[in-house]
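In what follows, a structure is listed as structure tokens, so that the remarks can point back to it.
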Amino acid sequence: MILKLSSWKASGAIAIAAVATVSTLKLFVNDWVPASIAQEPDAPQAAPTVEVSNRLMRTFGDETYAVLALAYSPSAPVVVSGSIEDTIKFWRSTDGSLQYTAATHLDDVRALVMSQDGKYLLSGSDDKTANMWDAATGQIRFTLIGHQQAVKAVAIAPDTAIVATGSWDKTIRLWNGTNGDPLRILTGHSDGVNALAFSPDGAILASGGLDRTVRLWDVETGTQLASIVAHDDWVSSLTFTPDGELLITGSFDNTVKIWDVATGDLLRTIRGHAFPVYDVEVTPDGEAIASASDDRTIKLWSVRDGRLLLNLTGHTKSVFAIGINGDGTRLASGSNDNTIKIWDIAP
């Protein structure tokens, strides 16, 4: 990994930033919105012609409980969902059939992420714990206990040697990815942690939180390398582009932002959602950003120029979670309308 000394413009801080890659993560919040959300006065950025909901392929779900968290397997036609029912469900994305249900958490399942090889699943819950799963069998490998409040963010290092959990207790905890032994506690956020992502070699961890900041951490030493006030409200989600050069952040201030990882410069603010952005993902080719919002839509944006490429409509309530499959042709979305939808997002 190449480390560069950088000036993170938004905070004026001098920081070390890492060239990093994507490790998916999730924050999924129920239908409550803080009064401090700033409404963007700027007109939405949009292309002259935008394709809409005819990209919908199928809808499925149990029609009873809100889908709060979602992960799309990078290696198989499998979507995993977490809900207010406290369960994790494994679905076949090709036909929407339920493969099996795991009921181990004692409260809402708020965060899900799959390892890059598709073998493991990490879940985080309002019950203050996280579970590491065998994705093929649905069996728990170990449970992570230590947080004092809800676990809202989870991440798995690319080599699966380390996993990370972020909590509204303001801390990030690092754990051994093989046996679940605790490794280190990272402190620095002044409020709850909502989002996490590892760099490609697992050396750097990015985090975002209720304190509106994005932070970079040295995983080996636990040192905070960078801190930037990134948004006007909660940072709900973040992810790196596959080349590790850009960091994408989503926020309760209704915006998506694109940052230069090496310099900390804000390259673009994308406006177009009417309400908070809950989740962001990047396509495997690094060409498009997908964002999910309280405004019931999923939007795809050009990484290059911020143009609105697709506006996916069909959910009747907040869209909390999205995931993209391994070849970047399908997007899954989970909503407070109790459904999961599969969309064709092939160019």
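The numbers in this note's numbering rise by one with no breaks, and the one at position 307 of the sequence shown is 324.
The beta carbon of each residue, even a glycine, is placed where N, CA and C say it ideally should be.
On a predicted model such as this, the values are computed, not experimentally measured, just so you know.
**Study point:** Helix, strand or coil at residue 328 [DSSP, three-state]
**Key:** Residue 328 sits in a strand when the DSSP states are folded into three classes.
Review point. Quick one: is residue 364 buried, meaning 16 or more other Cβ sit within 10 Å of its Cβ, or exposed?
Key: Using a 10 angstroms sphere on the CB of residue 364, the tally of other CB atoms stays under 16, which defines it as exposed.
Point to revise | Residue nearest to residue 147 in terms of C-alpha spacing, selected from 293, 167, 134 | key: With distances taken between Cα atoms, residue 147 lies closest to 167.
Check your understanding: Cβ atoms of residue 305 and residue 326: under 9 Å apart, would you say?
Key -> Contact flag set, yes.
**Study point:** For residue 297 and residue 265, believed in contact at Cβ under 8 Å, the rounded distance
**Key:** Residue 265 to residue 297, Cβ: 5 Å. Contact.
**Study point:** C-beta contact flag for residue 224 and residue 203 at 9 Å
**Key:** Taking 9 Å as the Cβ cut-off, residue 224 and residue 203 qualify as a contacting pair.
Practice item. Kindly confirm or deny that the segment 120 to 136 and the segment 169 to 182 touch, where touching means at least three C-beta pairs closer than 8 Å. Key: Proximity of the segment 120 to 136 to the segment 169 to 182 meets the contact definition, three or more beta-carbon pairs being nearer than 8 Å.
Practice item. Using the Cα positions of residue 252 and residue 291, report the straight-line distance between them to the nearest angstrom. Key: Approximately 16 Å, taken between the alpha carbons.
Review point. Looking at the structure shown, is residue 60 part of a helix, part of a strand, or coil, going by DSSP?
Key: Only weak support exists for where residue 60 lies, its pLDDT of 36 falling under 50; the coordinates are left without a value.
Review point. Applying the criterion that 16 or more other CB atoms from any shown protein chain within 10 Å of the CB defines a buried residue, is residue 133 buried or exposed?
Key: Buried, because 16 or more other Cβ atoms sit within 10 Å of the Cβ of residue 133.
Review point. Skipping 5 residues on each side, what residues in its chain have a beta carbon closer than 6 Å to that of residue 239?
Key: Hits under 6 Å: 201, 203.
Check your understanding: When the distance is taken between beta carbons, is residue 171 closer than 9 Å to residue 355?
Key -> Not in contact: residue 355 and residue 171 (Cβ atoms no closer than 9 Å).
Practice item. Use the C-beta contact count for residue 123: other C-beta atoms within 10 angstroms, 16 or more gives buried, fewer gives exposed. Key: Label assigned to residue 123: exposed.
Point to revise | Residues near residue 270 by beta carbon distance below 6 Å, same chain, minus five either side | key: If the five residues before and after residue 270 are omitted, its C-beta is found closer than 6 Å to the C-beta atoms of 55, 248, 249, 250, all from its own chain and listed in chain order.
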